[in-house]
Every structure is written in C-alpha cells, then in structure tokens.
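Colleague:
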Amino acid sequence: MFARFLPSHPMLQALLLSAAIATTGIATAVATFSHAPEIWLSGVLAAIGLTTMASVPPLFLCRRFSNGSTSALFVTLWRCGGLLPAIALLVTLDGDERKCFAVALLACYFIALPLESLLLIRQVQDAT
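Residue 111 is where the sequence shown ends in the working numbering, and the numbering goes up by one at each step.
Written as structure tokens, this is what we have:
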C-alpha cells in the first residue's frame, strides 16, 4: 500500500535509498560519537559505502530476472556478498573505530533493508 507513493524510476529509487542510508549513517555517528569526530568519520563512510553497495545495485539488476524466486535469490546473494567486506573490517578495526563502524553499519542496514524491499515491491507492481 505504501509502495505506490514511492518513485517508480530506478534512478530516483537509487537516489532515495542512497540519501536515506547516508543520512542515517551520519545522524547515528553524530548522535553516538560526536565527542570524537576523527574516530567516527572513517567508520561511518565505510558503513555507508558498504550498505549502499549491498542495497542499490539490486534495484537495477532485478529487472533482468522474470522469475520472482530467482530475483529474490539474487537479491539475497548480492546482499550477502556485498556485506562480506564488513566482516573483514570488523576484524581489523579496534576500539572505538570498531564500535562506530558496527553501530553505523547496523543503523544504515536497518533503514536500507525495509526501504529497498518496498522499492522492489514497487518494481513488481509496475511490471504487472
């Protein structure tokens, strides 16, 4: 029901999703780690980049699949593959940088996941 109010053009969808991810990451970092901006900047930028890389391309690439189950499998595999570098970053970072990265990554992903799902629902509604 809410999906009909979202934009139907893929570029507008990507812009909306990217803006939501970036706003969430920056707001979370400022609210949580505002006492040390030199620590949170790199972690937040990495979290925003990884979440955007895992969330935005399926909006464009899912149009290639006509079968709904194939499309859902592709989205799930793309998300898993896109977030694999996050595990490496969590292992290599330490202290406050790791905390900031983990908090920003979770916040960005929890905003991106439902919004991306709504945008994919919108694409299915437009196709039928």
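Backbone N, C-alpha and C define an ideal beta-carbon position, used for all residues, glycine too.
Looking at C-alpha atoms only, which residue of F16, Q108 and L102 is the closest neighbour of L(-1)?
Modeller: For L(-1), the nearest C-alpha among the options comes from L102.
Colleague: Note down the Cα distance separating R47 from L33, rounded to an integer number of angstroms.
Modeller: Rounded to the nearest angstrom, the two C-alpha atoms are 23 Å apart.
Colleague: I need the boundaries of the alpha helix (DSSP H) containing S(-9), first residue and last residue.
Modeller: Where S(-9) is concerned, there is no enclosing alpha helix (DSSP H), given that its DSSP letter is neither H nor E.
Colleague: Per DSSP, what kind of secondary structure is L98 in: helix, strand or coil?
Modeller: In the structure shown, L98 sits in a helix (DSSP, three-state: H, G or I).
Colleague: Helix, strand or coil: which one does DSSP assign to E76?
Modeller: In the sequence under discussion, the amino acid at residue 76 is Leu, which differs from the Glu named in the question. Coil at L76, not helix or strand.
Colleague: Going by DSSP in three states, S25 sits in which element: helix, strand or coil?
Modeller: Helix.
Colleague: Kindly indicate which three-state DSSP category V39 falls into: helix, strand or coil?
Modeller: V39: coil per DSSP, three-state reduction.
Colleague: Taking A95 as the reference, give the member of A69, G8 and P20 with the closest Cα.
Modeller: If we check each option's Cα against that of A95, G8 comes out closest.
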